[in-house]
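S.K.: Just so we're aligned, residue 1 is where the sequence shown starts under the UniProt record's numbering, counting upward by one. Where a beta carbon is used, it is the ideal one built from N, C-alpha and C, also for glycine.
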Amino acid sequence: MQLTAANIDAYALGCAVLGAGGGGDTPIGLAMARLAIDATGPVEVLDPQAVDPGALVMPCGLIGSPTVAQERIWSGQEGGRLANAVAVLHDRPVDTLMCYEIAGANGLLPVLWGARLGLPLLDADGMGRAFPEMQQQAMHIAGVSAGPLVLTDGRRNDIVLHTADNHDAERLARSCASALGGVCAGALYVMTGARSRTAAISGSVSRALSVGTAMQQRRRGWPAALAALTDGRVLLEGRIIELERNGGAGFTRGHAVVERGETTTARRLRLELQNEVLVALEDGAVVATVPDIIAVLGLEDGRPVDTERLHYGQRVGVVAIPAPSVWSGPAGLAVVGPRSFGYDLDPVPGTAPTSAARVGHGA
1 MQLTAANIDA YALGCAVLGA GGGGDTPIGL AMARLAIDAT GPVEVLDPQA
51 VDPGALVMPC GLIGSPTVAQ ERIWSGQEGG RLANAVAVLH DRPVDTLMCY
101 EIAGANGLLP VLWGARLGLP LLDADGMGRA FPEMQQQAMH IAGVSAGPLV
151 LTDGRRNDIV LHTADNHDAE RLARSCASAL GGVCAGALYV MTGARSRTAA
201 ISGSVSRALS VGTAMQQRRR GWPAALAALT DGRVLLEGRI IELERNGGAG
251 FTRGHAVVER GETTTARRLR LELQNEVLVA LEDGAVVATV PDIIAVLGLE
301 DGRPVDTERL HYGQRVGVVA IPAPSVWSGP AGLAVVGPRS FGYDLDPVPG
351 TAPTSAARVG HGA
């Protein structure tokens, strides 16, 4: 499989859907990936089972504030600086790139860097969606070390972090990203091809491309189509009547309320935001939570709306999509379940019938 000028737009659309409102600004990442492919040719996408067991795989993407990332134009040199530093650390060149997060710009920047470096992209990622922290990756569950990790702003400011554990890697990387302007490029969880077969989430690039292609072919009814395509469920279609969004500690936090008022009994869906959409409550009852993907689509064009671009009065449809199975077990839920984000809730699959306990908005 290849990512080409003909299918990169569909792939970007799929990355935006799987981002649950996060992952960085997709239009900027798409523009840069498209230019790189136009200049250097398609990027090969390799099945993890077909990668040389001894190949050096470099997961990479952006780290830091999504708000700052919207204003950041990447030079395209970041991937080369990351690969050079990783090669020195491992005493051998990087053979394959991998998205550590198949979402938004983080699904597209490795395509840009792969095109410029002439390196293939692994059909896998570490999250299967977007999560805000570095330890919230399948490689962490599998026991792969995040460090040593490399950070760069692409302007000859590079940082190598040797960390005690993956939680320290998150904490220190977040601090360094702030020093590098609020957002930077990073490479972490570097591993062999053999290790990637069991530690990473396989098929992520293919899934994003498949979802995006199917959505492109629709002219209306996008929420229902997405739900059918992904075995998901439409939670609500309506208009945003309330929105609160605040930055801080490297994350965008807040909430949005979507109301469907066309019937005699209005319904309201509250979305809790922490970079991504993490919890959905219908009239106080929890109807979906992380780790499931809660996607917000604009009803005018069917395109996903990230948490930075939600606005008052916007007409949207909200769809819950099952997360990769790695997150459904006890080990996965301990890392990415609702309590890991500060919500005192048991996980509620968005595809299950609505039967959750009622909680206050401050949960």
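Which partner residues does M58 have in the DSSP bridge list?
M.R.: Answer is L97, bridged to M58.
S.K.: Using 8 Å as the Cβ pair cut-off and three pairs as the minimum, do the stretch 37-55 and the stretch 2-10 touch?
M.R.: Touching, per the Cβ criterion.
S.K.: On the CB-based measure, 16 or more other CB atoms within 10 Å of its CB, does S204 come out buried or exposed?
M.R.: S204 comes out buried.
S.K.: Report the partner residues of A187 according to the DSSP bridge assignment.
M.R.: For A187, which the question treats as bridged, DSSP gives the partners C60, V150.
S.K.: CB G186 to CB S75, shorter than 7 Å?
M.R.: Not a contact, by the Cβ cut-off of 7 Å.
S.K.: Measure the alpha-carbon distance for V335 versus E259 and round it to whole angstroms.
M.R.: Whole-angstrom Cα-Cα distance: 31 Å.
S.K.: Which residue comes first and which comes last in the alpha helix (DSSP H) that contains D9?
M.R.: Per DSSP, D9 belongs to the alpha helix (DSSP H) from 8-18.
S.K.: Skipping 5 residues on each side, what residues in its chain have a beta carbon closer than 8 Å to that of L235?
M.R.: L269, A280, E282, V287, A288, I294, V318, V319, A320, G350, listed in sequence order.
S.K.: Let me make sure I understand the geometry here. Which of H90, L108, P93, L82 has the alpha-carbon closest to that of G24?
M.R.: Residue L108 is the option with its Cα nearest to G24.
S.K.: I need the DSSP call for G29, collapsed to helix, strand or coil.
M.R.: Residue state, collapsed to three classes: helix.
S.K.: Residues in the same chain with beta-carbon distance under 7 Å from H361, minus the five sequence neighbours each way, listed in chain order, please.
M.R.: Low local confidence applies: a pLDDT of 31 at H361 is under 50, so the model's placement there is unreliable, with the coordinate-based value given in what follows. Cβ neighbours of H361 beyond the five flanking positions: R270.
S.K.: When DSSP builds the beta bridges, which residues end up paired with G298?
M.R.: BP columns for G298 point to V316.
S.K.: Select from M215, R245, A256, M134 the residue whose C-alpha is nearest the C-alpha of I63.
M.R.: The candidate whose alpha carbon is nearest that of I63 is M134.
S.K.: Which of the three DSSP states is assigned to V279 in this structure?
M.R.: Three-state result, V279: strand.
S.K.: Taking the alpha-carbon of A128 as reference, which of H167, W327, A31 has the nearest alpha-carbon?
M.R.: The sequence as given places Gly at residue 128; Ala does not occur at that position. With distances taken between Cα atoms, G128 lies closest to W327.
S.K.: Measuring alpha carbon to alpha carbon, tell me which of G313, A227, I37, A146 ends up nearest A6.
M.R.: Considering only alpha carbons, the answer is I37.
S.K.: Distance check for R218 and E237, CA to CA, integer angstroms please.
M.R.: One C-alpha to the other measures close to 17 Å.
S.K.: Could you check what DSSP says for D158 in three-state terms: helix, strand or coil?
M.R.: D158: strand per DSSP, three-state reduction.
S.K.: Output the residue ranges of the beta strand (DSSP E) runs that lie fully inside the stretch 173-217 and measure 3 residues or longer, sorted by chain position.
M.R.: You should have 183-187.
S.K.: Relative to the alpha-carbon of F341, which residue among A39, R174, V290, C176 has its alpha-carbon at the smallest distance?
M.R.: Ranking the options by Cα distance to F341, first place goes to V290.
S.K.: Among P347, M58, G104, whose alpha-carbon lies nearest the alpha-carbon of A200?
M.R.: For the residues P347, M58, G104, the minimum Cα distance to A200 belongs to M58.
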